Amino acid sequence: MTQRFLALSTVAVVLMALSACRGPEGPQGPSGESTVVNLEGFAPGINCGNCHNPDIDTTYYVWAVKYQWAQAGHVTGGTFDDRNTAPCSGCHTSEGFVQRAKAGFPPQSLPAVWSVVTNQYRPSPVGCFACHSPHSKGDFSRRTEASVVLWSPMEGISDQTINLGKGNICLNCHQPRSSGFTPKMKTTAGATDTLKITTNRWYPHYGVQGLMFLGAGKGGGFEFPGKAYVNSPHSTQSGITQSGCPTCHMAQPVSGGNGGHTNVIGYPSGTTTAYNTNGCRQSGCHATMNVDTYVGTSGTLTGGMGAHKYVHEYLDTLATLLQAKGILSSSGLVQANNGTSSASSSSPRTFVGPAGLRKAGALYNYFFIEHDKSGGIHNPQYAIQLLNDSIEEMRKP
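Numbering (the numbering used here), first residue to last: 17 to 413.
Shown next, in the form of structure tokens:
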């Protein structure tokens, strides 16, 4: 017991001696570093705290944008897990889109369409990091705003280059797709020339918005010989030509289900459809806007009916005329020559000579206007002229 007491006493004395030797306190060290420096793939000197902090809502509104995006058609409108093959995944998955972005968005090529895209076996829907690369860029700017080459579905008309600033990243997918669309739509035909369709889905996919916006003479719609085509003021309005799609589709929301990153303009309101017209009413554009009744420069083409309403109603008229001639089925598929079965390699639909070409043009224009999904708003005068001329043609014997 005595030995244990002596040992403890000795330890205590030593500790007191060491404490007595303590020198003055040195200067305070630097605060904790929040910067991650030179990690592979990250922007040099990127400061994680700019985004990853307790006040992130007020820094980049990341959470608000996330919930807006969850309502966007990019997430809910296309099934990413069954469009994971290379021709589709370049637009339907984040992984495929990023592959294209890293390669500088090369133009389409056949037969691969997107030559740099591979099959995606763990696909995810198009999300934030498809269009943005905050870790490599250090902010939430778009991956690119470079001009875009739009594939031409028209024989004899070259691919078109478009530059709509911020909207260019959208146009990398909102353009016709070459896969499955064969033959191209002819622009002229001799007396015995034949356009042979061997698929019931003879249309350049659903992303025709870029070519609809470019409009007249650019290879979007089939322009009937002897007819004149012009574009609406949308094609030259500076707010749109400088920023493109976001001007209207990402305008200030009027409620939680439209504008911003929802990209939604028309949204449910009770039993009707309401429209976010904040993009329409920006400086230099429309003072007021009623989407269904607005006539504008299309009045001579619509007989005074609102352009948007006119396109919806008369697109149905064109479909009815195509169906009556056995060219289009009630479910919207191209019919074979027999008018009862779907077009295929063994049972094609053929159009011969100039008269046949015009009928094929009316069919093509139906798909072009319908798949644009804007009810003509992207380019009203051009869309309505195409529609009127197609109806006129289909009313001929």
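Glycine residues also receive a C-beta, built at the ideal position from the N, C-alpha and C atoms.
Note that this is a predicted model, so its numbers are computed, not measured.
{"Query": "Would you mind working out which of Trp85, His68, Glu56, Gly61 sits nearest Gly273, comparing C-alpha positions?", "Result": "Trp85"}
{"Query": "Leaving out the 5 sequence neighbours to the left and right, which residues in its chain are closer than 8 Å to Val91 when beta-carbon positions are compared?", "Result": "Trp85, Pro141, Val142, Gly143"}
{"Query": "Alpha carbon to alpha carbon, what distance is there between Leu166 and Cys261?", "Result": "15 Å"}
{"Query": "Leaving out five residues before and five after Ile400 in sequence, what residues of the same chain have Cβ atoms less than 7 Å from its Cβ?", "Result": "Ser314, Leu317, Thr318, Ala323, Tyr326, Val327, Gly392"}
{"Query": "Between Asp405 and Lys243, which are expected to be in contact by the criterion C-beta below 8 Å, what is the C-beta distance as a whole number of angstroms?", "Result": "5 Å"}
{"Query": "Taking Gln87 and Glu111 to be in contact with their CB atoms under 8 Å, please state how far apart those CB atoms are, rounded to whole angstroms.", "Result": "That pair is no contact at about 22 Å."}
{"Query": "At the 8 Å Cβ level, is Thr257 part of the contact set with chain B, yes or no?", "Result": "Structure shown: chain B not included; a single protein chain is present."}
{"Query": "In the structure shown, what three-state DSSP assignment does Phe367 receive?", "Result": "strand"}
{"Query": "Quick one: grab the DSSP three-state call for Leu211.", "Result": "strand"}
{"Query": "Residues in the same chain with beta-carbon distance under 6 Å from Asn294, minus the five sequence neighbours each way, listed in chain order, please.", "Result": "Ala267, Gln268"}
{"Query": "Does DSSP put His148 in a helix, in a strand, or in coil?", "Result": "strand"}
{"Query": "Just to confirm my understanding: we take Gly48, look at its own chain, exclude 5 residues before and 5 after, and list those with CB closer than 8 Å. What are they?", "Result": "Low confidence applies here, because Gly48 scores a pLDDT of 48, under 50, leaving its location unreliable and the question unanswered by this model."}
{"Query": "So, using beta-carbon positions, are Ser358 and Val350 closer together than 8 Å?", "Result": "yes"}
{"Query": "In angstroms with no decimal places, state the Cα-to-Cα distance between Leu402 and Ala146.", "Result": "34 Å"}
{"Query": "Would you list the one or two residues that DSSP bridges to Leu344?", "Result": "Val350"}
{"Query": "State the beta-bridge partners of Pro241 as determined by DSSP.", "Result": "Partner(s): none; Pro241 has no beta bridge."}
{"Query": "Under the rule that 16 or more other beta-carbon atoms within 10 Å means buried, what is Ser361, buried or exposed?", "Result": "exposed"}
{"Query": "Can you list, in chain order, the residues of its chain with a C-beta nearer than 8 Å to that of Phe197? Leave out the 5 residues immediately preceding and following it.", "Result": "Pro169, Trp218, Tyr219, Pro220, His221"}
{"Query": "Would Gly231 be called buried (16 or more neighbouring beta carbons within 10 Å of its own) or exposed?", "Result": "buried"}
{"Query": "In whole angstroms, what is the alpha-carbon distance linking Ser195 and Pro103?", "Result": "7 Å"}
{"Query": "Among the residues of its own chain, which have a CB less than 8 Å from the CB of Ser157, if the five just before and after it don't count?", "Result": "His148"}
{"Query": "Nearest-angstrom Cα distance between Thr287 and Phe238?", "Result": "36 Å"}
{"Query": "Three-state secondary structure (DSSP) at Arg116?", "Result": "helix"}
{"Query": "Tell me which same chain residues have a C-beta within less than 7 Å of the C-beta of Tyr330, skipping the five on either side of it?", "Result": "Leu403, Ile407"}
{"Query": "Can you tell me where the beta strand (DSSP E) with Ala290 in it begins and where it stops?", "Result": "288–291"}
{"Query": "Got a sec, what are the start and stop residues for the beta strand (DSSP E) Ser285 sits in?", "Result": "282–285"}
{"Query": "Would you call Leu126 buried or exposed, if buried means 16 or more other Cβ atoms sit within 10 Å of its Cβ?", "Result": "exposed"}
{"Query": "Where does the unbroken alpha helix (DSSP H) through Leu166 begin, and where does it stop?", "Result": "That residue, Leu166, is in no alpha helix (DSSP H); its beta strand (DSSP E) goes 164–166."}
{"Query": "Which one of Thr257, Phe113, Lys341 has the shortest CA to CA distance from Arg159?", "Result": "Phe113"}
{"Query": "Using DSSP with H/G/I as helix, E/B as strand and the rest coil, what is Ile185?", "Result": "helix"}
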